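Contents: one structure, followed by commentary.
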Amino acid sequence: MKKLLAHLSALLALLVVVGMQPAQAAWNAAWTQRAKVTLNTVDSGLQLGAAVDGFPVVVRLHTGNFQFLDAKPDGSDLRFIAADDKTPLKHHIEKFDSINELAIVWVQVPKVMPGAKADFVWLYYGNANAPAADDAKGSYDAAQGLIYHFGDNETVPQDRTANANHALRSAGKGSTAGLMGTGLVLDGAGDVAINASPSLQAGPNGLTVSMWIKPVDAADAQLYLQQQGSAVVSLGLRGGKFAARAGASSTAPAGTVQAGTWQHVAMVVKDGVTLYVNGQELAKAAGPAVAVAGQTLVGRAFKGEIDELQISTVARSADWIKLGAGSQGPDQTFISTGPADAAAEESGPSYIAILLGAVTLDGWIVIAVLAVMFVLSIFVMISKANFVRRVAKDNQQFMGQFNQLFNGIDPHASVAESALSAGPNPAEVQKQPADGAVESLYPQSQLYRLYLAGTNELKSRFDSYRKMGRPMSMTEQSLGAIRASIDAAVVREVQRLNSQMVVLTISIAGGPFLGLLGTVVGVMITFAAIAAAGDVNVNAIAPGIAAALVATVAGLAVAIPALFGYNYLTGRIQSLTADMQVFVDELVTRIAENHSI
2 MKKLLAHLSA LLALLVVVGM QPAQAAWNAA WTQRAKVTLN TVDSGLQLGA
52 AVDGFPVVVR LHTGNFQFLD AKPDGSDLRF IAADDKTPLK HHIEKFDSIN
102 ELAIVWVQVP KVMPGAKADF VWLYYGNANA PAADDAKGSY DAAQGLIYHF
152 GDNETVPQDR TANANHALRS AGKGSTAGLM GTGLVLDGAG DVAINASPSL
202 QAGPNGLTVS MWIKPVDAAD AQLYLQQQGS AVVSLGLRGG KFAARAGASS
252 TAPAGTVQAG TWQHVAMVVK DGVTLYVNGQ ELAKAAGPAV AVAGQTLVGR
302 AFKGEIDELQ ISTVARSADW IKLGAGSQGP DQTFISTGPA DAAAEESGPS
352 YIAILLGAVT LDGWIVIAVL AVMFVLSIFV MISKANFVRR VAKDNQQFMG
402 QFNQLFNGID PHASVAESAL SAGPNPAEVQ KQPADGAVES LYPQSQLYRL
452 YLAGTNELKS RFDSYRKMGR PMSMTEQSLG AIRASIDAAV VREVQRLNSQ
502 MVVLTISIAG GPFLGLLGTV VGVMITFAAI AAAGDVNVNA IAPGIAAALV
552 ATVAGLAVAI PALFGYNYLT GRIQSLTADM QVFVDELVTR IAENHSI
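With this note's numbering as the guide, the letters of the sequence shown map in order to residues 2 to 598.
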């Protein structure tokens, strides 16, 4: 049985290793894991009119699409490679939380094509010796004047571009419930001030300002204000609508401010001013070019949250604005991240690999416990089935010799002499050592052990009676004592039959509940991670939910075989127990018939 248990454990370990075998990277074999980041401008509804060059896309990683245990704790081994599997792409990490399994990464994609359904880049990770390659400054083009992610632990907002346009002051507080990681919360009593800088100046090339806002109410506020003398560039809320101004050009209030909802707001200054909300152009006002180089204020009189403030010193295209709103929002379907191994790339998706790849740590802990229960239950079923088979076989052999053994009891012989003549063939037994000779003939027979319990008690009394000179016959009290000894032996034999059966009952009752526990925890973690990342789409949800259900499948895989085995063994044990009860009645009756008064 020990060999069988070892073989089962080895087989289980082999299955786990095969199921979790990492994909070898085609770009660099030192990176053991690879995922595919797909860019889909068709199904996401982003109808681009032209290609967008050098666009920084946000990649949200969570338990549903990324194995944090295989990456370095700080994510410094992440590498993004173009579809040719050769060209590294600039990226930087806004947030990487390996404990809560959530990451926000920005990647500069060389070109986002219109009508592209299956464009992709590769994400490599899984190299403990990889140096950090985070390059925030290189993730944006030269026209990007300022980027505020409002990251964790920032006293004032920090610019992630090479221009270092950090905030001069900030009245806001960090919010862990930002659209992408941490956001900035303003209470309407203060704002964010940014010093004047040439890299933020509205000039001949234009100016583009965009941000995500989640207002508490629709009260008037200045989301963006840059002023130098009489020259003003502003973007704000007015009368529950959005409005933009550049010099003498002002748009009419348009759109609707939705309290408690994230909205993408953008303004492009070039030959006037154009207002965009959620990627759609809402208003436009023509006018002359505006040159403003004064201090910038963000969020004056605004109550709510702000995230991802971007300022460019060029007039970004309408497609750029649309792509920003469509790729960063909470309901975006533009980007999807999933596991990619060699088999999946060549012959379609490997569903088992996808499921196992998305199982979280808590899920693996539950599955490991279930695997131990499975091995133990299989071991118990096999060993117990062999045991009851041998018991039934030896019982049958003993019953064939029972009459001869019982009739060979000599009341006038000593206990030792009786033991030597208690076998089916006394001549053969006489050749064996007295101690244990008879037991070797029926090693697993329960009926024989009950027979020994009764006859040894009987012979012991005969021995005592002979020494006392009493008649060799049993009284009613003596028969009761013999019956009690046999009943005690029956209890011990029943306990022996039922030993280890509790392992099967635990597997049957506990397996599904453990699996359900793993599923519930996995679903909770998946939804929490997706909500925190803001990546709400079926491609993000499905792998995490499916992986969580793996724990339930594992629990059922433990319980179902254990249930069948338990019912089979219970039937066999009940049959053997009934045989013992019948035999006890027969043995006591025979003793009373032959040796009582």
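The C-beta atom is built at its ideal place from N, Cα and C for all residues, glycine as well.
Note that the structure is a prediction, hence the values are computed from the model and not measured.
Handout entry: Element boundaries [alpha helix (DSSP H), containing LYS138]
Key = Taking the sequence shown and counting its residues from 1, one reaches residue 138 at position 137. That residue, LYS138, is in no alpha helix (DSSP H); it is neither H nor E in DSSP.
Practice task
Determine contact between the segment 160 to 170 and the segment 58 to 71, defined as no fewer than three beta-carbon pairs at a distance below 8 Å.
Solution key: No, the segment 160 to 170 is not in contact with the segment 58 to 71.
Practice task
Tell me whether the beta-carbon of GLY295 lies closer than 8 Å to the beta-carbon of GLN223.
Solution key: Taking the first residue of the sequence shown as 1, we reach residue 295 at position 294. Taking the first residue of the sequence shown as 1, we reach residue 223 at position 222. No Cβ-Cβ contact shorter than 8 Å links GLY295 with GLN223.
Handout entry: Boundaries of the beta strand (DSSP E) in which GLN296 is found, first to last residue
Key = Counting from 1 along the sequence shown, the entry for residue 296 is found at position 295. Per DSSP, GLN296 lies in no beta strand (DSSP E) and is assigned neither H nor E.
Exercise for the section: Return the CA-CA distance between THR553 and GLN582, expressed in angstroms with no decimal places. Expected result: Translated into positions along the sequence shown, residue 553 becomes position 552. Translated into positions along the sequence shown, residue 582 becomes position 581. In a straight line, the C-alpha of THR553 is about 42 Å away from that of GLN582.
Exercise for the section: If I'm right that ASP320 touches GLY50 with Cβ under 8 Å, what's the distance once you round it to whole angstroms? Expected result: Numbered from 1 along the sequence shown, position 319 holds the residue referred to as residue 320. Numbered from 1 along the sequence shown, position 49 holds the residue referred to as residue 50. Correct: roughly 6 Å between the Cβ atoms.
Problem - Opposing strand residues paired with LYS304 [DSSP bridges] - result: Here residue 304 corresponds to residue number 303 of the sequence shown, with the count starting at 1. Partner(s): ASP188.
Practice task
Give the straight-line distance between the Cα atoms of LEU238 and ALA203, rounded to the nearest whole angstrom.
Solution key: As a working note, residue 238 is residue 237 in the sequence shown. As a working note, residue 203 is residue 202 in the sequence shown. Between LEU238 and ALA203, the C-alpha separation is close to 21 Å.
Exercise for the section: State the CB to CB distance for the pair LEU577 and VAL389, rounded to an integer number of angstroms; the pair is presumed to be in contact (CB under 8 Å). Expected result: Indexing the sequence shown from 1 puts residue 577 at position 576. Indexing the sequence shown from 1 puts residue 389 at position 388. That pair is a contact at about 6 Å.
Practice task
Note the first and the last residue of the continuous beta strand (DSSP E) segment covering GLY55.
Solution key: The residue you call residue 55 lines up with position 54 of the sequence shown. First-last of the beta strand (DSSP E) with GLY55: 53 to 63.
Handout entry: Outcome for GLY240 when other beta-carbon atoms lying within 10 angstroms are tallied against a minimum of 16
Key = The residue given as residue 240 occupies position 239 in the sequence shown. By the neighbour-count rule (16 or more Cβ atoms within 10 Å), GLY240 is not buried but exposed.
Exercise for the section: Work out the CA separation of ALA287 and SER99 for me, nearest whole Å. Expected result: Here the question's residue 99 lines up with position 98 in the sequence shown. Here the question's residue 287 lines up with position 286 in the sequence shown. Roughly 49 Å separates the two Cα atoms.
Exercise for the section: Go through its chain and collect everything with a Cβ distance to SER508's Cβ below 7 Å, but skip five positions before and after it. Expected result: Counted from its first residue, the sequence shown places residue 508 at position 507. Cβ within range, chain order: MET374, SER378, VAL559, ALA560, ALA563.
Problem - Per-residue burial, GLN405 [other beta carbons within 10 Å of its own, 16 or more giving buried] - result: Numbered from 1 along the sequence shown, position 404 holds the residue referred to as residue 405. When all chains shown are included, GLN405 counts as exposed.
Practice task
Note down, in chain order, each residue of its chain lying with its Cβ closer than 6 Å to the Cβ of GLN34, except the 5 sequence neighbours on either side.
Solution key: Mapped onto the sequence shown, residue 34 falls at position 33. These residues qualify, in order along the chain: PRO23, ASP71, TYR126, GLY127.
Exercise for the section: Answer yes if the segment 139 to 154 comes into contact with the segment 324 to 334, meaning at least three C-beta pairs across the two stretches below 8 Å, and no otherwise. Expected result: Cβ pair count under 8 Å is below three, so no.
Handout entry: CA-to-CA distance, MET525 to ASP78, given in whole angstroms
Key = Within the sequence shown, the letter at position 77 stands for residue 78. Within the sequence shown, the letter at position 524 stands for residue 525. If you take the alpha carbons of ASP78 and MET525, they lie about 28 Å apart.
Handout entry: Sequence-distant residues of its chain with Cβ nearer than 7 Å to ALA194 (five each side left out)
Key = Position 193 of the sequence shown holds residue 194. Same-chain partners within the cutoff: ALA168, LEU169, ARG170, GLN296, LEU298.
Practice task
Answer yes or no: do ALA104 and LEU62 have a C-beta to C-beta separation smaller than 8 Å?
Solution key: In the sequence shown, the residue the question calls residue 104 occupies position 103. In the sequence shown, the residue the question calls residue 62 occupies position 61. Yes.
Handout entry: Beta-carbon spacing of THR361, ASN66 below 8 Å
Key = Numbered from 1 along the sequence shown, position 360 holds the residue referred to as residue 361. Numbered from 1 along the sequence shown, position 65 holds the residue referred to as residue 66. Contact annotation: THR361 and ASN66 have beta-carbon atoms that are not nearer than 8 Å.
Handout entry: SER419, buried or exposed, once every other Cβ within 10 Å from all chains shown has been counted against 16
Key = Your numbering for residue 419 matches position 418 in the sequence shown. With a pLDDT of only 47 at SER419, under 50, the local geometry of the prediction cannot be trusted, and no value is derived from it.
Handout entry: Cut-off 8 Å between Cβ atoms - residues of its own chain near ALA134, not counting five sequence neighbours on either side
Key = Locating residue 134 in the sequence shown gives position 133, counting from the first residue. Excluding five sequence positions before and after ALA134, the CB atoms of its chain that fall closer than 8 Å to its own CB belong to SER77, LEU79, ARG80, PRO89, HIS92, given in chain order.
Handout entry: Cβ pair VAL60, VAL108 closer than 8 Å
Key = In the sequence shown, residue 60 corresponds to position 59, counting from 1. In the sequence shown, residue 108 corresponds to position 107, counting from 1. Taking the C-beta atoms as reference points, VAL108 is found nearer than 8 Å to VAL60.
Practice task
With DSSP as the reference, label ALA491 as helix, strand or coil.
Solution key: Along the sequence shown, one-based indexing puts residue 491 at 490. Checking the displayed sequence, the identity of residue 491 turns out to be Val instead of Ala. Correct three-state label for VAL491: helix.
Practice task
Would you list the one or two residues that DSSP bridges to VAL193?
Solution key: Looking up residue 193 in the sequence shown gives position 192. DSSP, once it has assigned bridges, lists SER171, VAL299 as partnering VAL193.
Handout entry: From ALA129, ASP272, ALA548, residue whose alpha carbon lies closest to that of ALA31
Key = For the purposes of this step, residue 31 is taken as residue 30 along the sequence shown, with counting starting at 1. Comparing Cα positions, the closest option is ALA129.
Practice task
Spell out whether any CB of chain D is found under 8 Å from the CB atom of ALA143.
Solution key: Protein chains in the displayed structure number just one, and chain D is not present.
Practice task
To the nearest angstrom, report how far apart ASP136 and ILE94 are at their CA atoms.
Solution key: The residue given as residue 136 occupies position 135 in the sequence shown. The residue given as residue 94 occupies position 93 in the sequence shown. So the two alpha carbons sit approximately 8 Å from each other.
Exercise for the section: Could you spell out where the beta strand (DSSP E) holding SER235 opens and where it closes? Expected result: The count along the sequence shown starts at 1 and reaches residue 235 at position 234. Start and end: 232 to 239.
Practice task
Starting from the Cα of ILE574, find the closest Cα among ASP488, SER140, ALA529, ALA393 and give me that residue.
Solution key: Working through the sequence shown from its first residue, we reach residue 574 at position 573. ILE574 has its Cα closest to that of ALA393, out of ASP488, SER140, ALA529, ALA393.
Handout entry: Within 8 Å, strictly: CB atoms of ALA292 and ALA232
Key = In the sequence shown, residue 292 corresponds to position 291, counting from 1. In the sequence shown, residue 232 corresponds to position 231, counting from 1. With respect to ALA232, ALA292 sits close: the two C-beta atoms are nearer than 8 Å.
Practice task
Grab me the residues of LEU180's own chain with a C-beta within less than 6 Å of its C-beta, minus the 5 sequence neighbours each way, in chain order.
Solution key: Start at 1 with the first residue of the sequence shown, and residue 180 comes out as number 179. Cβ neighbours of LEU180 beyond the five flanking positions: TRP213, TRP263, ASP308, GLY535.
Exercise for the section: Answer yes or no: do VAL113 and VAL38 have a C-beta to C-beta separation smaller than 8 Å? Expected result: Numbered from 1 along the sequence shown, position 112 holds the residue referred to as residue 113. Numbered from 1 along the sequence shown, position 37 holds the residue referred to as residue 38. For VAL113 and VAL38, no; Cβs fall outside 8 Å.
Exercise for the section: Could you tell me which residues DSSP puts in a beta bridge with GLY207? Expected result: By 1-based counting over the sequence shown, the position of residue 207 is 206. Bridge partners of GLY207: GLY204.
Handout entry: Proximal residues to THR590 (C-beta, below 7 Å), its chain only, five neighbours per side dropped
Key = Against the sequence shown, residue 590 aligns to sequence position 589. Shown here for THR590: not one same chain residue has a beta carbon closer than 7 Å to its own, the five before and five after excluded.
Exercise for the section: Provide the residue(s) that pair with TYR125 in DSSP beta bridges, ordered along the chain. Expected result: Locating residue 125 in the sequence shown gives position 124, counting from the first residue. According to the DSSP secondary-structure assignment, TYR125 is paired through a beta bridge with ARG35, ARG80.
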